[in-house]
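Protein sequences appear in the order of chains A and B.
Just so you know, the first sequence maps onto residues 14 to 135 in my numbering.
Just so you know, the second sequence maps onto residues -17 to 216 in my numbering.
C-beta atoms are modelled at their ideal positions from N, C-alpha and C, and glycine is treated no differently.
Keep in mind that this is a model prediction, so the values were computed, not measured.
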Amino acid sequence: MTDRIAALARRVEGDDLFLASALADYAHAEDLDERGLAQRLGCSTKTLVSLRLCLKPDPKPVVFRREVDRIASRFEVDAGVLAEAIRLSDATRAMRDKTGVEDGGLLMAARDRHEDSEGEGS
Amino acid sequence: MNERRPNSATRMYQICYEVQNALSVMSHHGEEGRNLRARLLAGDTTASNDVVAAYLDGLADWLEKLYPQEHPNDCSTAAADAVLAFIRSPATYDPEKQTLEKYLRMSADGDMRNLLRSERRHMKRRVNLELAEPSVENQLRDEEADPAHILERRIDEAETDAKLRSLMPDWLAAGLVPEEIQVLGLMRIKERRTTVYAAALGISHLPFKEQQKQVKRAKDRLNKRMERMASQDD
Chain A
14 MTDRIAALAR RVEGDDLFLA SALADYAHAE DLDERGLAQR LGCSTKTLVS
64 LRLCLKPDPK PVVFRREVDR IASRFEVDAG VLAEAIRLSD ATRAMRDKTG
114 VEDGGLLMAA RDRHEDSEGE GS
Chain B
-17 MNERRPNSAT RMYQICYEVQ NALSVMSHHG EEGRNLRARL LAGDTTASND
33 VVAAYLDGLA DWLEKLYPQE HPNDCSTAAA DAVLAFIRSP ATYDPEKQTL
83 EKYLRMSADG DMRNLLRSER RHMKRRVNLE LAEPSVENQL RDEEADPAHI
133 LERRIDEAET DAKLRSLMPD WLAAGLVPEE IQVLGLMRIK ERRTTVYAAA
183 LGISHLPFKE QQKQVKRAKD RLNKRMERMA SQDD
């Protein structure tokens, strides 16, 4: 992994097309640093660079599941955590677009809502 | 002593072997590009990572060789821009026409030119703003303008000169060539970029490392001059 590739992985954190943006939102909401995020996903920090450079899966359920599985098996990360990170990020961005609020609190709200809906389902 | 030379059949065999190898490498590259494009178009989310891993470094290295006078960070940025553009719109690449490597090189070269153009515009604006050089346009207008305007502009220019002088003491500016005064002005406004100093010194055409060397030499010389003058003052 070269410095240039690592720099590009960081650069695309602001680009909604890339998984980097979802992982950044998730790490922010969960208050995770680089190592914490890698640990949560079950991979090395080096693998995180490759993950960030993947594209964010289409939210259509069939495609979403297939692509999350593809990424998870290719990079040997926890598919559940990956799916959660992407959904959390999507929810946050949707709320941000709706309210026009750029507040970090939205991430917390999205996480709480996500946890509530998981609780209701179980 | 007679040297053993390969006969013509052996030589021909060697040439065929080398051509075959070269074609195989080219076809491998062509296949790789075609394959990555197909994966991106099919929505394979891991393909983008593979494009970056396969092409980014090679592309940036190529740009560094093509633009030895520019900062390596600019080469990396232009290479990354080209790779990202392909990831966003893979259909714009036609594998029937060229290899992906060649396509990306053309794209990166264009991005590099745009980047340099906008940097130079920015640099020029900054140097003009900070050092407020009288513009050629103003000088050309002199002959046509009425005396009141000429006087007004002369006052502006005098203020500009005063601003420039305020960046450095008179005793320091005395004896310096205009390029050195500009460098001194840039040092005073804490400019850090080598390319800006290189523009002031008129050495932008040189390789970046050479620019660094000459800019350092000019700054060292001016620093020593300042130290020497200051100690004389004491």
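Neighbour flag for residue i against chain B, beta carbons, 7 Å
i, result
"A:GLU26", "no"
"A:GLU47", "no"
"A:LEU50", "no"
"A:CYS56", "no"
"A:ILE84", "yes"
"A:ILE99", "no"
"A:THR15", "yes"
"A:ARG79", "no"
"A:ARG23", "no"
"A:ARG87", "yes"
"A:SER34", "no"
"A:LEU68", "yes"
9 Å Cβ cut-off: residues of chain C touching residue i
i, result
"A:ALA104", "The displayed structure is made up of protein chains A and B, and chain C is not among them."
Which of helix, strand or coil DSSP assigns to residue i
i, result
"A:LEU30", "coil"
"A:LEU45", "coil"
"A:LEU66", "coil"
"A:THR58", "helix"
"B:VAL220", "The structure shown does not extend to residue 220 of chain B, since chain B spans only -17 to 216, so no value can be given for it."
"B:HIS53", "coil"
"A:LEU36", "helix"
"A:MET14", "coil"
"A:VAL90", "coil"
"B:GLY15", "helix"
"A:VAL180", "For residue 180 of chain A there is no data in the structure shown, the boundaries of chain A being 14 and 135."
"B:ASP43", "helix"
"B:LYS172", "coil"
"B:SER186", "coil"
"B:VAL34", "helix"
Member of the options whose CA lies at the smallest distance from the CA of residue i
i, options, result
"A:ASP91", "A:GLN52, A:ARG100, A:ALA20, A:LYS69", "A:GLN52"
"B:LEU45", "B:LEU82, B:ARG70, B:SER89", "B:SER89"
"A:LEU66", "B:ALA20, B:ILE69, B:CYS57", "B:ILE69"
"B:TYR179", "B:MET208, B:LEU204, B:ALA42", "B:LEU204"
"B:ARG170", "B:SER186, B:ALA156, B:LYS201, B:GLY184", "B:LYS201"
"B:SER100", "B:ALA73, B:ASP56, B:LEU66", "B:ASP56"
"B:LYS191", "B:GLY40, B:LYS47, B:GLU83", "B:LYS47"
"A:PRO72", "A:LEU32, A:GLU43, A:MET14, A:ARG24", "A:LEU32"
"B:GLY40", "B:GLY92, B:LEU82, B:THR27", "B:LEU82"
"A:LEU30", "B:LEU66, B:VAL165, B:HIS104, B:LEU166", "B:LEU66"
"B:ALA156", "B:ARG207, B:ALA20, B:SER186, B:ALA181", "B:ARG207"
Outcome for residue i when other beta-carbon atoms lying within 10 angstroms are tallied against a minimum of 16
i, result
"A:LYS69", "buried"
"B:LEU168", "buried"
"A:GLY27", "exposed"
"B:PRO72", "buried"
"A:ARG78", "exposed"
"B:THR27", "buried"
"B:VAL159", "exposed"
"A:ASP16", "exposed"
"B:ARG210", "exposed"
"B:MET94", "buried"
"B:ARG19", "buried"
Check whether residue i and residue j have beta carbons under 7 Å apart
i, j, result
"B:LEU188", "B:GLN51", "yes"
"A:ALA35", "A:ALA98", "yes"
"B:THR176", "B:GLN196", "no"
"B:LEU86", "B:ALA60", "no"
"B:ALA29", "B:LEU22", "yes"
"A:LEU50", "A:ALA37", "no"
"A:GLU22", "A:VAL76", "First, the amino acid is wrong: residue 22 of chain A is Ala here, not Glu. Against a cut-off of 7 Å, the Cβ pair of A:VAL76 and A:ALA22 comes out as no contact."
"B:GLY15", "B:PRO77", "yes"
"A:VAL81", "A:ALA96", "yes"
"B:ALA42", "B:SER58", "yes"
"A:LEU45", "A:VAL94", "no"
"A:THR58", "A:GLU47", "yes"
Below-7 Å beta-carbon distance, residue i vs any chain A residue
i, result
"B:THR176", "no"
"B:VAL165", "no"
"B:VAL34", "yes"
"B:ASP76", "no"
"B:THR81", "no"
"B:ASP43", "no"
"B:ALA62", "yes"
"B:SER30", "yes"
"B:SER186", "no"
"B:LEU18", "no"
"B:LEU97", "no"
"B:ASP39", "yes"
"B:SER58", "yes"
Residue i Cβ short of 6 Å to the ligand ZN heavy atom set
i, result
"A:SER86", "For the ligand ZN, the structure offers nothing, since it holds no ligand at all."
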